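If you're matching them up, the sequences are chains A and B in order. Sequential numbering of the first sequence, starting at 522, is according to the numbering used here. Sequential numbering of the second sequence, starting at 2, is according to the numbering used here. Beta carbons are placed, not taken as given, at the ideal position from N, Cα and C, and that holds for glycine. Treat the numbers as computed from the prediction; the structure is a model and nothing was measured. Reading through the C-alpha cells given below for one structure.
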Amino acid sequence: MTALSLLLRAALCTLLLAVVPHVRAADAAVEAITQGVARPDVLRGQFTQEKQVSGFRNPLRSQGRFVVARQHGVIWTTLKPFPSELVVTADRILSRQRDGSTRVELDAREQPALRSVNAIMFALMSGDVQALSSQFNVAASREGQGWQLRLTPKSPMLAKAFASLTLQGDRYVRRVEIVEANTDRTQIQFSALSEAPATLSADEARRFD
Amino acid sequence: MTEPAVPRQARGLHRHWRWLGLAWLLVLLALGAQQWRLWSEAPRIDTDILALLPQDAHDRLISDVTRRIADGSARQVVVLLGSSDGAAAHRAQAAFAAAMARDQDSALLVPSGSVEGWFDEARTFYAPYRDRLLTPAQREQLQQAAPEALAGQALATLYGPMGAPRLTQWRQDPLSLWPQWWQQQAAGSGLRLGEDGLLEAEGKHWAALQFDTAGSAFQLDGEQHLQGLLARAGQAANAAAPDLEILHAGVPLHAEAAAVQANREINTIGWGSLAAVLLLVWLAFRSLRPILLVAASLLIGCGVALAVTVLVFGKVHVLTLVFGASLVGVAEDYGIHWFASRQAAPAERRGALLRHLLPGLCLALLTSALAYLALGLAPFPGLRQMALFSVVGLAAAFLTVIFWFPWLDGGTVRPTRFSHWLGGTLLRWPRLQGRAQVALFVTVALALAGAGMSRLQSNDDLRSLQSSPPALMAEQIRLSQLLGMPSPAQFYLVQGADEAQLLQREEALTARLRGLAQQHRIGGYRAISDWLPSPQRQREDAALTARVEPAVLAAVSDVVGEPLPRPAYAAAPLRAEAFLASPASQPFRHLWVGAVGGQMISVVMVDDLSREDALATLREAADGLPGVRWVDRTADFSQLLKHYRTLMGGLLLVGVALIFAALWLRYRRQAWRVFAPTLIAGALTLGLLGLFGQPLQLFNVLALMLLLGMGIDYGIFLVEHQGDPSAWLAVCVGAASTWLSFGLLGLSATPALRAFGLTLLFGIGLVWLISPLFRPPPPRPAP
Numbered sequence: 522m523t524a525l526s527l528l529l530r531a532a533l534c535t536l537l538l539a540v541v542p543h544v545r546a547a548d549a550a551v552e553a554i555t556q557g558v559a560r561p562d563v564l565r566g567q568f569t570q571e572k573q574v575s576g577f578r579n580p581l582r583s584q585g586r587f588v589v590a591r592q593h594g595v596i597w598t599t600l601k602p603f604p605s606e607l608v609v610t611a612d613r614i615l616s617r618q619r620d621g622s623t624r625v626e627l628d629a630r631e632q633p634a635l636r637s638v639n640a641i642m643f644a645l646m647s648g649d650v651q652a653l654s655s656q657f658n659v660a661a662s663r664e665g666q667g668w669q670l671r672l673t674p675k676s677p678m679l680a681k682a683f684a685s686l687t688l689q690g691d692r693y694v695r696r697v698e699i700v701e702a703n704t705d706r707t708q709i710q711f712s713a714l715s716e717a718p719a720t721l722s723a724d725e726a727r728r729f730d
Numbered sequence: 002m003t004e005p006a007v008p009r010q011a012r013g014l015h016r017h018w019r020w021l022g023l024a025w026l027l028v029l030l031a032l033g034a035q036q037w038r039l040w041s042e043a044p045r046i047d048t049d050i051l052a053l054l055p056q057d058a059h060d061r062l063i064s065d066v067t068r069r070i071a072d073g074s075a076r077q078v079v080v081l082l083g084s085s086d087g088a089a090a091h092r093a094q095a096a097f098a099a100a101m102a103r104d105q106d107s108a109l110l111v112p113s114g115s116v117e118g119w120f121d122e123a124r125t126f127y128a129p130y131r132d133r134l135l136t137p138a139q140r141e142q143l144q145q146a147a148p149e150a151l152a153g154q155a156l157a158t159l160y161g162p163m164g165a166p167r168l169t170q171w172r173q174d175p176l177s178l179w180p181q182w183w184q185q186q187a188a189g190s191g192l193r194l195g196e197d198g199l200l201e202a203e204g205k206h207w208a209a210l211q212f213d214t215a216g217s218a219f220q221l222d223g224e225q226h227l228q229g230l231l232a233r234a235g236q237a238a239n240a241a242a243p244d245l246e247i248l249h250a251g252v253p254l255h256a257e258a259a260a261v262q263a264n265r266e267i268n269t270i271g272w273g274s275l276a277a278v279l280l281l282v283w284l285a286f287r288s289l290r291p292i293l294l295v296a297a298s299l300l301i302g303c304g305v306a307l308a309v310t311v312l313v314f315g316k317v318h319v320l321t322l323v324f325g326a327s328l329v330g331v332a333e334d335y336g337i338h339w340f341a342s343r344q345a346a347p348a349e350r351r352g353a354l355l356r357h358l359l360p361g362l363c364l365a366l367l368t369s370a371l372a373y374l375a376l377g378l379a380p381f382p383g384l385r386q387m388a389l390f391s392v393v394g395l396a397a398a399f400l401t402v403i404f405w406f407p408w409l410d411g412g413t414v415r416p417t418r419f420s421h422w423l424g425g426t427l428l429r430w431p432r433l434q435g436r437a438q439v440a441l442f443v444t445v446a447l448a449l450a451g452a453g454m455s456r457l458q459s460n461d462d463l464r465s466l467q468s469s470p471p472a473l474m475a476e477q478i479r480l481s482q483l484l485g486m487p488s489p490a491q492f493y494l495v496q497g498a499d500e501a502q503l504l505q506r507e508e509a510l511t512a513r514l515r516g517l518a519q520q521h522r523i524g525g526y527r528a529i530s531d532w533l534p535s536p537q538r539q540r541e542d543a544a545l546t547a548r549v550e551p552a553v554l555a556a557v558s559d560v561v562g563e564p565l566p567r568p569a570y571a572a573a574p575l576r577a578e579a580f581l582a583s584p585a586s587q588p589f590r591h592l593w594v595g596a597v598g599g600q601m602i603s604v605v606m607v608d609d610l611s612r613e614d615a616l617a618t619l620r621e622a623a624d625g626l627p628g629v630r631w632v633d634r635t636a637d638f639s640q641l642l643k644h645y646r647t648l649m650g651g652l653l654l655v656g657v658a659l660i661f662a663a664l665w666l667r668y669r670r671q672a673w674r675v676f677a678p679t680l681i682a683g684a685l686t687l688g689l690l691g692l693f694g695q696p697l698q699l700f701n702v703l704a705l706m707l708l709l710g711m712g713i714d715y716g717i718f719l720v721e722h723q724g725d726p727s728a729w730l731a732v733c734v735g736a737a738s739t740w741l742s743f744g745l746l747g748l749s750a751t752p753a754l755r756a757f758g759l760t761l762l763f764g765i766g767l768v769w770l771i772s773p774l775f776r777p778p779p780p781r782p783a784p
C-alpha cells in the first residue's frame with residue numbers, strides 16, 4: 522500500500538505532464554480542454570517545486586529540468602538546492618545521486634501485485650480515460666484561455682494516498698498541485714516548455730535503460 | 002423320566018431370566034436418559050479427519066502442534082471472486098457481502114476483521130520499535146553505504162516530486178526504511194493485496210472475502226446450510242459481474258460436506274440394510290412378531306453402540322456412523338437364529354431352546370466380536386471407535402435377543418414356503434466329491450486369484466480417509482495456491498531453551514528459506530520471527546540505525562536550515578509476551594506454541610508445495626540447524642498406514658494359523674472343510690480387487706480379518722449341522738443381509754470405507770457360494 526502510493530504518484534506525475542492531452546472524456550468540458558492540449562512525443566522544460574511536508578517548519582523548495590518521453594518515461598533532474606536525478610519507467614523508479622550511485626526506489630517486477638498499477642499507468646499514458654475516470658472523479662473548469670482539472674480519488678484505497686490533484690494549463694500543463702492524505706502539499710510550476718528536438722538525445726535515451 | 006423336569010427348569014429359567022430382562026430394560030432406559038442429556042448439551046458428531054488419526058504416543062508435541070494449526074483455521078471460510086475486470090470484481094465483492102448480510106442464514110458466517118483494520122492497529126503497535134525492524138537488504142545497505150550517500154538519497158527522496166511513501170513523520174524514519182519493511186512483510190506473509198485491494202493472478206482480478214463460522218449457529222444436521230448461503234450470495238455477485246469465477250474454501254465447508262454425505266450414506270446403508278433384513282425376515286417367517294422383534298434388537302444394538310461410543314470417546318465420528326450402519330447386516334444373526342430354531346419348537350419349550358442355542362450364539366458373538374476387535378489393534382482412534390461401536394452393537398443386539406425374545410416371543414412360528422424352499426436348496430447345491438474335484442477346484446481358484454493378485458498394487462495415501470467431494474477439494478487447492486496459503490500438514494518445528502534462542506534459531510532457518518524463495522525453489526514461508534525478531538537482532542539493528550540516522554538527519558538539517566533531532570524509540574526490545582498480547586500478533590499467534598516440557602516451541606509454515614522436489618528441498622533446509630525439525634504429517638501418516646497394513650497382514654496370517662489349529666482340535670480331518678471356503682474366498686477377493694484395479698490398503702486387510710471371523714462361521718454351521726436345512730436357512734439369511742450391508746458400504750464416497758465394503762462384498766458373497774461346495778457328504782441313511 523505504501524509502495525503503491527509512490528508508484529501512483531509517479532504514474533500521476535507522468536500522467537499530468539504527458540497524458541492529459543490524450544484524455545477523451547465523456548465530459549464535454551474535459552473533452553474541450555484536452556483537444557486544445559499539445560501531444561508531443563518529447564517535452565522538455567524547467568520546474569520549480571515547493572513542498573510543504575509535515576514536521577518541517579519551512580517549505581522545501583527545489584528547481585531543475587525535466588524530460589517526458591511518451592514511449593519511455595520521465596527524467597526528473599533537480600539542480601537546486603543539490604543535484605540529483607530520478608528516472609521513472611514502466612518497470613521501476615531509479616534515483617541517481619551526485620556521486621553517480623543509483624538506487625532502485627521501486628521495482629514493479631519484484632512486486633507482482635504492483636504490476637496492475639503499471640497497467641493503469643500505461644492505460645492512462647495511452648489515453649484510456651475509462652481507467653482514469655474509474656479511479657478518479659474529474660471536475661473541469663475554464664478560465665479564459667486556461668483550464669483547470671480537479672481529480673479526487675474514487676476508491677478508499679486511493680484516498681489513503683491522495684486528497685486531491687489539481688492541474689492548470691493552456692496548451693501545456695503549467696501548474697500541478699498534489700495534496701496528500703497526510704496533508705503534505707506539493708506545488709510544481711512548469712516553464713520554458715519546448716517540443717524540440719522531438720527525439721531523445723543519446724544521453725537521455727541511455728538514462729532510460 | 003425328565004418330562005416333569007423340563008417345565009420346572011423352564012420356569013426357573015424364566016423367573017431369573019425375567020429379572021435379567023427387566024435389568025436390561027432399566028440399563029437401556031438409564032442410558033437413553035443419559036444420552037438425552039449429553040446430546041442436548043452439545044453436538045457430538047465429529048467430522049475432522051484428524052480425529053481419525055493416531056496421536057503419536059512417542060511424539061505428543063507434533064500431534065499437539067498439528068492440532069493447533071488445524072484449529073487455527075477450523076472456523077475460517079474464504080471466498081475469492083475473480084473477474085477479468087477489476088471494477089467488476091469490486092462490484093461482485095460488494096454484492097456478495099451485502100447478500101451475505103441480509104440472508105436469512107446470515108448468522109452462520111460472520112465477516113472476519115479486515116486486513117486494513119489490522120494494519121492500522123499493527124502500525125501503531127510497532128511504531129516505538131521502528132528503529133529495530135530492518136529487512137536483510139536494509140541491514141546490508143546500512144552497514145556498507147557511506148553516510149554521505151545515505152544522506153544524499155534521503156534528500157533526493159525528500160525533495161523529489163513524488164516524495165517517498167511515509168508511515169510516520171519524516172523525522173521518525175528519514176531513510177524511509179519502514180515502508181520497505183512492511184512491504185517485505187506483506188510480500189512474504191500472504192497479505193498479498195494489490196493496489197486496489199484485489200489480488201492479481203492468472204490474468205484475473207480477485208476480490209477476497211473472509212468469514213468465520215459462528216460456533217453456536219454452526220450445525221451438522223445433514224443440510225447444506227453454508228453451501229446454500231454461499232450459493233445465494235454467489236448468485237447476487239454473479240448478477241453484479243457476469244463473467245465471475247467464484248472459489249470457496251475452508252474447513253467448515255468440508256465438515257458440512259462430510260456431514261451431508263455421511264447423513265446420506267447412513268440412510269442408504271442403515272435403513273437400506275434394515276429394510277432388506279426385515280424383508281428377508283418376513284419372507285422366512287411371514288409374521289409380524291419376528292419383524293418387530295428383529296427390528297427392535299437391531300435398533301437397540303445401534304442405539305447402545307452409539308451411546309457407549311459417545312460415552313467412551315466423547316464424540317462419535319461421522320465415518321464411524323457410516324461404518325456402524327453396516328452393523329445392521331451383521332447383528333441380525335442372533336434374532337434370525339432364534340426364529341429359525343423356533344419354527345420347529347413350540348412356545349412352551351422356549352426355555353430349553355434358549356439353553357440349546359446359547360452356547361452357539363455366544364460363540365458366534367465371540368468370534369465376530371474378536372474379528373471386530375482386531376480392527377482396534379491399529380492405534381487409529383477412528384478404527385478403535387469403529388471396533389468399539391461394532392462390538393457394543395453386536396453385544397447389545399445379542400443381549401436383547403437372549404433376554405427379551407424368550408419372554409416376548411410367545412406365539413408359534415410356522416415354517417413358510419420360502420424358508421422350506423431356501424433350506425432345501427442346500428440339498429441341490431453342488432458338492433465337491435473326491436480328491437480330484439477338490440484339487441481341481443482349489444487349483445483353478447488359486448490360479449485365478451494369483452492372476453488378479455499379481456496386478457495388485459498397494460496404496461497408503463492418507464487421502465483414502467478423505468471423503469470431501471473432488472470439486473470442493475479442487476477449489477480448495479486452487480484457492481490455496483492463489484492466496485499462497487500455507488500447508489497445514491508440512492512445517493518446521495523449532496525448539497529453543499528460551500525465547501531468545503528459539504527466535505535466533507528461527508532466523509537461521511528463515512535466512513535459508515528466503516534464499517530458496519528467491520530462487521523460486523519454494524513458495525513463501527510464515528515465521529513469527531519475521532514479526533518478532535530475536536532480542537539480539539533487535540539490539541543489533543537498533544544500534545545500526547542509531548549510528549546511521551543521526552548523520553542523515555544532520556545533513557538534511559544543513560540543507561533545509563532547521564534543526565531535526567532524532568526522536569526516541571522504545572528502550573527495550575519487543576518481547577514475545579507483549580507481542581502476543583497485542584492485536585498485531587493476531588494473524589501469527591498460531592505459529593507460536595510456547596513453553597512445552599521446559600522448551601520454547603514455534604512453527605514455521607511454508608506454502609506452494611506444487612514443485613515436485615519442494616518437499617525434499619524443505620527437508621534439506623533443516624539439515625545442520627540445531628533445534629529445527631522438518632515435519633511432514635502426510636508422509637508420517639502414510640508411513641503409519643503402510644506400517645499397519647503390513648503388520649495387520651502378518652497378524653491376519655497368524656490368525657489364520659490359530660484358527661486352523663482351533664478347528665483342527667474340534668474337527669480333525671474335517672477341519673479343512675470349515676476352513677477352505679474362507680481361505681479361497683479371501684484369495685479370490687484379493688484377486689478380484691487386483692482385476693478391478695483397486696489398490697491394496699490397510700482397510701482391505703482389516704476387511705479380510707473381518708471376513709475370516711465371519712466366513713468361518715458359515716463353514717462351522719454347515720459342518721456342525723450336517724444336512725440341516727434350518728442351519729442353511731440361517732446361513733443364507735445371515736449372509737444375504739451381511740453381504741447387502743457391506744455392499745451398500747461399498748457405495749460410500751470415502752475411499753477407506755469403500756475399500757472395506759468392496760472387500761467384504763466380494764468376500765462374503767464368495768464364502769457363501771463356496772461353503773456348501775465343501776460340505777461333508779450327507780450322513781448315510783440309518784438302517
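- The alpha-carbon of Gly325 (chain B) is positioned some 28 angstroms away from that of Thr67 (chain B).
- Counting C-beta pairs with one atom in each stretch, the stretch 563-576 of chain B and the stretch 531-545 of chain B have three or more that are closer than 8 angstroms, which means they touch.
- Gly352 (chain B) is not a Cβ neighbour of Leu745 (chain B), given a cutoff of 8 angstroms.
- At a C-beta separation below 9 angstroms, Gly485 (chain B) has no neighbours in chain A, since its nearest C-beta there lies roughly 11 angstroms away.
- Boundaries cannot be given for Ser583 (chain B), as no beta strand (DSSP E) includes it and DSSP labels it neither H nor E.
- Among the residues facing chain B, Thr720 (chain A) is not included, as its CB has no counterpart in that chain under 8 angstroms away.
- Not one beta carbon of chain A lies nearer than 8 angstroms to the beta carbon of Thr686 (chain B).
- With a beta-carbon spacing of about 6 angstroms, Ala372 (chain B) and Met706 (chain B) fall inside the 8 angstroms limit used to define contacts.
- Tyr493 (chain B) is bridged by DSSP to B:Val605, B:Trp631.
- DSSP places Gln211 (chain B) in the uninterrupted beta strand (DSSP E) bounded by 205-214.
- Within the same chain, and ignoring the five residues on either side of Arg624 (chain A) in sequence, the residues whose Cβ sits closer than 6 angstroms to its Cβ are Ser616.
- Within the DSSP bridge table, the entry for Gly690 (chain A) names A:Trp668, A:Val694 as partners.
- Contact holds between the stretch 101-110 of chain B and the stretch 198-218 of chain B, because three or more Cβ pairs, one in each stretch, are under 8 angstroms apart.
- Separation of Leu210 (chain B) and Arg692 (chain A) (C-alpha to C-alpha, rounded to the nearest whole angstrom) is 46 angstroms.
- Inclusion of Val313 (chain B) and Gly394 (chain B) in the CB contact set at 8 angstroms is not warranted, their separation being larger than that value.
- In its own chain, leaving out the 5 sequence neighbours on each side, no residue places its CB closer than 6 angstroms to the CB of Trp40 (chain B).
- Taken in chain order, the unbroken stretches of alpha helix (DSSP H) that lie wholly in the stretch 102-144 of chain B and span 4 residues or more are 116-127.
- In this chain, the beta strand (DSSP E) harbouring Leu81 (chain B) covers 77-84.
- Selection B:Pro253, B:Arg287, B:Val329, B:Leu289 evaluated against Ala276 (chain B) yields B:Val329 as nearest (Cα-Cα).
- Taking the Cβ atoms as the reference, Ala250 (chain B) lies roughly 7 angstroms from Ser481 (chain B), within the contact range of under 8 angstroms.
- For Gly451 (chain B), the secondary structure class from DSSP, reduced to helix, strand or coil, is helix.
- Excluding five sequence positions before and after Ala155 (chain B), the CB atoms of its chain that fall closer than 7 angstroms to its own CB belong to Pro175, Leu176, Val553, Val557, given in chain order.
- For Tyr526 (chain B), the beta-bridge partners assigned by DSSP are B:Val607.
- Cα atoms of Leu457 (chain B) and Leu652 (chain B): separation of roughly 20 angstroms, rounded to the nearest angstrom.
- Using a Cβ-Cβ cut-off of 8 angstroms, Thr136 (chain B) does not count as an interface residue toward chain A, since no Cβ of chain A sits closer than that to its own.
- Burial is judged here by how many other beta carbons sit within 10 angstroms of a residue's own beta carbon; Gly683 (chain B) has at least 16 and is buried.
- For Val629 (chain B) and Ser575 (chain A), the gap between their C-alpha atoms comes out near 47 angstroms.
- Selection A:Asp562, A:Asn579, A:Gln570 evaluated against Val560 (chain B) yields A:Asn579 as nearest (Cα-Cα).
- Judged by DSSP secondary structure, Glu246 (chain B) falls outside any alpha helix (DSSP H) and instead within the beta strand (DSSP E) spanning 246-250.
- Pairing Ser468 (chain B) with Arg265 (chain B), the inter-Cα distance amounts to about 13 angstroms.
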